[in-house]
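Notes follow the structure.
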Amino acid sequence: MKFWLFKTEPDVFSIDTLASSPGKTAPWEGVRGYGARNYLRDEIKKKDLILFYHSSCKPPHVAGLAEVVKEGYPDHFAFDKKHKYYDPKSDPQKPTWFMVDVKFKEKFSRPISLEELRSHGQLKGMVLLQPGGRLSIQPVSEEHFHYICKLAGAKGLPG
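Right, dumping it as structure tokens:
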């Protein structure tokens, strides 16, 4: 099992949106960065756990937990000319973009702000806290993942 941080803008897709999706499950579509795409396509596996991060809001924060329930598969929205994630360069025979399905696990009763994350020396080295740590999908060490869950008082901690 691996641990990840997925960034999303809450006015586009929030932890509440995921929680209210059918079966509390939704595709994580629309990723259009190659680094994040590579994680989706090659490394993220079923049962991996996700810190659900709200960006482009005040304050940016970790909002809760999700779990990968379907491994990487072609992002079919890239082939739909009417969809906002359409990419005319993506070929259905050799897709450029991938997505995974994620399932809601828990909304934190206390979101953990970026500022608070930065204040904890125990999180030193976390990709999110590094200069240029802008990828929409980032690996998180098991230690950092558990530390953040404990800060938030998470109920769904694994192990």
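The working numbering applies: residue 928 is where the sequence shown begins, and numbers increase by one.
In this text, a Cβ means the ideal position worked out from N, Cα and C, and glycines have one as well.
Considering only their Cβ atoms, is the gap separating residue j from residue i smaller than 8 Å?
i	j	result
A990	H981	yes
From this set, the options, which residue's C-alpha is nearest residue i's C-alpha?
i	options	result
V939	S1068, K1009 and S983	S983
H988	S1068, G1052, S1036 and F930	S1036
R1061	K934, T944 and L945	K934
M928	S1068, S941 and G957	S1068
F930	S941, V1054 and L1044	V1054
E936	D1018, V958, D1014 and P1066	V958
H1073	K1016, K1009, L978 and S941	L978
R964	K1077, P1066 and E1070	P1066
E956	Y1013, K1008 and Q1049	Y1013
E1043	E1033, L1056, W1024 and H1010	L1056
Y961	L1050, W1024 and K1082	W1024
Kindly indicate the opening and closing residues of the alpha helix (DSSP H) around residue i.
i	result
F1006	Taken as a continuous stretch (DSSP letters only), F1006 belongs to no alpha helix (DSSP H), as it is neither H nor E.
R1045	L1041 to R1045
D944	Strictly speaking, residue 944 in this sequence is Thr, with Asp absent from that position. First-last of the alpha helix (DSSP H) with T944: I942 to A946.
DSSP three-state label for residue i, please.
i	result
T952	strand
I971	coil
E1087	Limits of the chain in this structure are 928 at one end and 1086 at the other, which puts residue 1087 out of reach.
K1016	coil
V878	Missing from the structure shown is residue 878; the chain here goes from 928 to 1086 and no further.
V1054	helix
K1034	strand
K1077	helix
Hey, quick one: how far does the beta strand (DSSP E) through residue i stretch, first residue to last?
i	result
E994	H988 to P1001
Any heavy atom of the ligand HEM within a distance shorter than 7 Å of the CB on residue i?
i	result
M1053	Only the bare structure without any ligand can be found here, which leaves the ligand HEM out of the picture.
Worksheet item: How about the region 944 to 954 and the region 1020 to 1028: do they share at least three Cβ pairs that are nearer than 8 Å?
Response: yes
Worksheet item: Any chance the region 966 to 973 sits against the region 998 to 1016, with 3 or more Cβ pairs inside 8 Å?
Response: yes
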